[in-house]
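A.B. asks: Pasting a structure below so you can have a look.
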Amino acid sequence: MSKHSKHANQVRIIGGSCRGRKIRFLSADGLRPTADMVRERLFNWLGQDLTGLKVLDLFAGSGVLGLEAASRNARHVVMVEKYKDSSRLLQQNAVELELQDKITVASQDALNYLKSSGEKFDVVFLDPPYIWEDWEILFEVLEKCLSEKAMVYIEAANMPPIPQWLYLHRKGKSGKSLFEVRIYQP
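Per this note's numbering, residue 1 is the first one in the sequence shown, and the count goes up by one each step.
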């Protein structure tokens, strides 16, 4: 087994209490964990310490964004992942990192979660598969789940039309990924 393939399904946490620890993730079409460099920029923009904040990782996939947030003292992180095998592995990773008390894994579709959730979040990660097309519906149901001045991270191959109530804070590009942090201002 080559060195590259040995670690093909692992990614490391780059900050907080779990810095340097690796998590496992399953191979899946469209799954591309956010690169270390992009995560470093993201958490520089959000702040290294997320103490007291409620975080939503809506298309959790590998879970690296939600686990990074929990590692950086987020009060609570909800990770939404529709694939049951991936959801189970997210829960296992939370236990292995001793973050299970801060993390809830919801094994369901992102839009269904938003429609049924009564929670408000301070930070939201939106990093769906590049083939995702339901942005307009997503933004319609997302707004009711945002606390005042919530920070919303969006990563996509092509940035979708963004509602006026999400003001641009920072933006960047890495390879095929465009990414932005936006601030909710109703």
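A virtual CB, placed ideally from N, CA and C, is assigned to each residue, including glycine. Here the structure is a predicted model, which means the values were calculated and not measured.
1. Using DSSP bridges, identify the partner residues of Q10.
2. Within the chosen definition, does the segment 92-105 reach the segment 125-144 through at least 3 CB pairs nearer than 8 Å?
3. Run through the DSSP bridge pairs and tell me what M37 is partnered with.
4. Rounded to whole angstroms, what's the CA-CA distance from L46 to M79? Just pull it up for me.
5. Sort S17, A35, R21 by Cα distance to K176 and report the nearest one.
6. In terms of DSSP beta bridges, what is G189 paired with?
7. Under a three-way DSSP split, which group does D101 fall into?
8. Less than 6 Å between C-beta atoms, sequence neighbours within five positions excluded: which residues of the same chain meet that for L50?
9. Give every residue of the same chain whose Cβ lies closer than 8 Å to the Cβ of K82, excluding the five residues on either side of it in the sequence, and list them in chain order.
10. Determine the extent of the alpha helix (DSSP H) in which F125 is found, giving its start and end residues.
11. Suppose you measure from the CA of R12 to the CA of E140; what does that come to, to the nearest Å?
12. For L58, which three-state DSSP category applies?
13. Would you mind listing the beta strand (DSSP E) stretches within the segment 127-165 that are 3+ residues and don't spill past its ends, in chain order?
C.D. replies: The answer reads as follows:
1. Here residue 10 is taken as the residue at index 10 of the sequence shown, counted from 1. DSSP lists R24 as partners of Q10.
2. Output reads no: the segment 125-144 does not touch the segment 92-105.
3. Residue mapping note: residue 37 aligns to position 37 of the sequence shown, counting from 1. DSSP output for M37 lists no bridge partner at all.
4. For this step, residue 46 is matched to residue 46 along the sequence shown. For this step, residue 79 is matched to residue 79 along the sequence shown. Rounded to the nearest angstrom, the two C-alpha atoms are 18 Å apart.
5. Sequence index remark: in the sequence shown, residue 176 carries index 176 (1-based). Here the closest residue by C-alpha is A35.
6. The first residue shown for the chain is 1 and the last is 186, placing residue 189 beyond what the model contains.
7. On the sequence shown, residue 101 is found 101 positions in, with the first residue counted as 1. Note: D101 maps to coil in three-state DSSP.
8. The residue given as residue 50 occupies position 50 in the sequence shown. A69, R72, N73, A74, listed in sequence order.
9. Here residue 82 refers to the residue found at position 82 when the sequence shown is read from its first residue. If we look at K82 and ignore the five residues flanking it on each side, its Cβ neighbours are S107, Q108, D109, A110.
10. Counting from one through the sequence shown, the residue named residue 125 turns up at place 125. Note, F125: premise wrong, no alpha helix (DSSP H); beta strand (DSSP E) at 121-126.
11. For this step, residue 12 is matched to residue 12 along the sequence shown. For this step, residue 140 is matched to residue 140 along the sequence shown. If you draw a straight line from the Cα of R12 to the Cα of E140, it is about 33 Å long.
12. Along the sequence shown, read from residue 1 onward, the residue named residue 58 stands at position 58. L58: coil per DSSP, three-state reduction.
13. 146-156
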